[in-house]
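Chains as they are written, first to last, in my numbering: chain Y, 21 to 30; chain D, 266 to 480.
We put the CB at the ideal spot given by N, CA and C, even for glycine.
Data first, discussion second: the structure below is written as structure tokens.
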């Protein structure tokens, strides 16, 4: 699964 | 930060405050699942490892620290507080950790966006959060008289998940290239887990009855 996840959520 | 996201975070925060106040005021943790709280502790520790590597915002950092501290406080009280620990329903809270932890760990090793320690642990925390409420729901089902605060705690947690879905829809429509399929699918699963509870919660509220879940 190629996706760059924005980790700005809690 | 949109209104749904903020409302979701605040609801999450409120749910934990409700639980802390309940335990502190009544000196009792009756109906509260230690297993669920410990699973949340694992979720927060695995997910918030990026506190050390990645600064997002002051809000983000403070919220992470609050979630960690409050969850560990609840666990500490349930395990070691002189008065509170006596009220823990040990015999009823029997859900086995490994049934949730192992499948989530395996899934995180297989289905992730990058096979690194940080990323696998982060993904694991996403999967584990989706099912961490299950011991609590099972315990509620076994509790004959669910007190209001425990019911409200679970209701607020479920509301927080529903608000996050609205947040994702909003972000998907307003931010280009905003996609996170693993998070979305886990989040939807997590929200579905609450539907049954919501049904009985709202029913008891409308009929002005005490909440009880059918076995």
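When Cβ-Cβ separations below 8 Å define contact, residue 328 (chain D) makes contact with chain Y.
Chain-ordered, the chain Y residues with CB closer than 9 Å to the CB of residue 319 (chain D) read 27. With 16 or more other Cβ atoms from the protein chains shown falling within 10 Å of its own Cβ, residue 389 (chain D) counts as buried. For residue 412 (chain D), not one C-beta of chain Y is nearer than 8 Å to its own C-beta.
A Cβ of chain Y is located within less than 8 Å of the beta carbon of residue 325 (chain D). Annotated three-state conformation of residue 336 (chain D) is helix, per DSSP. Contact of residue 315 (chain D) with chain Y by beta-carbon distance below 9 Å involves 27.
Taking the Cα of residue 303 (chain D) as reference, the smallest distance to any Cα among D:276, D:288, D:360 is reached at D:360. Assigned with DSSP and collapsed to three states, residue 272 (chain D) falls in helix. In this structure the segment 372–389 of chain D does not lie against the segment 334–350 of chain D, because fewer than three pairs of beta carbons, one per stretch, are closer than 8 Å. One alpha carbon belongs to residue 281 (chain D), the other to residue 424 (chain D), and they sit about 13 Å apart. Taking every protein chain shown into account, the CB of residue 349 (chain D) has 16 or more other CB atoms within 10 angstroms, so this residue is buried.
Within the model, the alpha-carbon separation for residue 289 (chain D) versus residue 307 (chain D) is close to 23 Å.
The segment 283–297 of chain D makes contact with the segment 408–418 of chain D; the number of CB pairs closer than 8 Å reaches 3 or more. Counting only Cβ-Cβ distances below 8 Å, residue 274 (chain D) has contacts in chain Y at 30, in chain order. Of the candidates D:305, D:270, D:474, D:270 places its Cα closest to the Cα of residue 324 (chain D). Between residue 447 (chain D) and residue 411 (chain D), the gap from beta carbon to beta carbon reaches 8 Å or more. Counting of Cβ neighbours within 10 angstroms places residue 332 (chain D) among the buried residues, the total reaching 16 or more. Non-local beta-carbon contacts of residue 466 (chain D) in its own chain, meaning distances under 8 Å to residues more than five positions away in sequence, involve 416, 419, 420, 476 in chain order. Around the Cβ of residue 468 (chain D), a 10 Å sphere holds fewer than 16 other Cβ atoms; the residue is exposed. Taking each of D:453, D:436, D:429, D:458 in turn and checking the Cα distance to residue 272 (chain D), the smallest one comes out for D:429. Residue 387 (chain D) and residue 312 (chain D) do touch by the CB rule: their CB atoms are close to 6 Å apart, below 8 Å.
Inclusion of residue 406 (chain D) and residue 480 (chain D) in the CB contact set at 8 Å is warranted, their separation being smaller than that value. Rounded to the nearest whole angstrom, the CA to CA distance from residue 398 (chain D) to residue 439 (chain D) is 31 Å.
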